[in-house]
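Data block below; observations after.
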Amino acid sequence: MRRVQTVFARLYRSPALLLCLAAAGWSGNFVVGRLTHGTVPPVNLAFFRWLAATAVILPFGLPRLRRDLPVLRQCKGTVLLLAATGVAAYNTLIYAGLRSTTAISALLMQSIMPVLILVFVFLLFRERPQRLQLLGLALSLAGVWVVVTQGHPFDAGTLALGGGVGWILLAVVSYALYTTLLRRRPTVHPLSLLTSTFALGAVMLAPFAAAEAAAGHPLPLTAGSVAAVGYVALIPSLLCYFCYNRGAELLGAARAGQFLHLMPVFGAVLAFLFLDERIRGFHLAGAGLIGAGLVIAALRRGSGDTGAGPEGVPETGVEDARRLPPRSA
């Protein structure tokens, strides 16, 4: 028992390991979505994920939720938008996209989220991006174009938007909007915000999950489907949140956010091991352009900055990192 406690104590004090675990766990979400794409319907997978996650977090979040309920009611419009974009829509679109695109491509698409946030910050808050940020946005979008055209950017016939990549891009847009809306989050305890958005996301998905089941695609009660729901409910939804928040507390939100760019790396390894997916040349070319865009966009931070890292955690310091949830991949 002492050895176990010692291991957990060391883990709790190791930001790099915590953040790597978070990135690996979130990468696994994409692999599970792809692995079960032929047997587990996407809306039901998302619905039961958030239903199970809500059931687990509710005993811990309910006392805080009761105290913060008046504030949440005052900000109900923002809370509903956060639940819709960051919980209900994002993950459902990811699982829908993974039915017809690879996990590696889906993970690469996530890398353009920071630059898309710049667009929403301008549209919602009229904060103009700097020239370097615009150049970074252009390069990142060029990288996405290379991926969705499967390495033939000048041949429209290779465009993959008709398949799952289109759903993945919609998911990325949805989460970029969620991250931008976090600026208007209610000032409540993190558990209150997580519990409320998890529960509201499940409620929003319930009628769509019922319609999917009525159309002949219910969640099958098999060992594989139960394991998939258990994984996405416990690891990406809860454990990764804990690891990321603790890592951001120790390391700072700005540096912690950089670890999330490991997701395509971890995801590629997991996809190779469990899905037999191969990294192709256009994946590397697209990743190079996306990465260059991210580096250029981050060279100078001024008034056009969103104030948030790649996963919606503010870059202003430890206290803000404690108060906000990261992504719900």
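Per this note's numbering, the sequence shown runs over residues 1 to 329.
Glycine included, each C-beta is placed from N, C-alpha and C at the ideal position.
None of these values were measured; they are calculated from a predicted model.
Buried is the label assigned to Val-43, since at least 16 other Cβ atoms lie within 10 Å of its Cβ. Closest in C-alpha terms to Leu-182, from the list Ala-24, Leu-62 and Cys-75, comes Cys-75. Residue range 103–109 is occupied by the alpha helix (DSSP H) that includes Ser-105.
With fewer than three CB-CB distances shorter than 8 Å, the region 184–197 does not count as touching the region 105–123.
Per DSSP, the continuous alpha helix (DSSP H) segment holding Leu-82 begins and ends at 76–82. DSSP places Val-144 in the helix class (H, G or I) of the three-state scheme.
For the pair Ala-52 and Leu-193, the Cα-to-Cα distance works out to about 17 Å.
Along the length of the region 232–262, whole alpha helix (DSSP H) runs at least 4 residues long occupy 240–251 and 253–258, reported in chain order. From the listed residues Gly-28, Leu-141, Leu-82 and Ala-9, the smallest Cα separation to Val-229 is found for Gly-28. Taking all protein chains shown into account, Phe-60 has fewer than 16 neighbouring C-beta atoms within 10 Å of its C-beta and is therefore exposed.
Where Ser-100 is concerned, there is no enclosing alpha helix (DSSP H), because DSSP gives it neither an H nor an E.
His-37 and Ala-209 have their C-alpha atoms spaced approximately 15 Å apart. Following the DSSP letters along the chain, one finds Ile-117 inside the alpha helix (DSSP H) bounded by residues 113–125.
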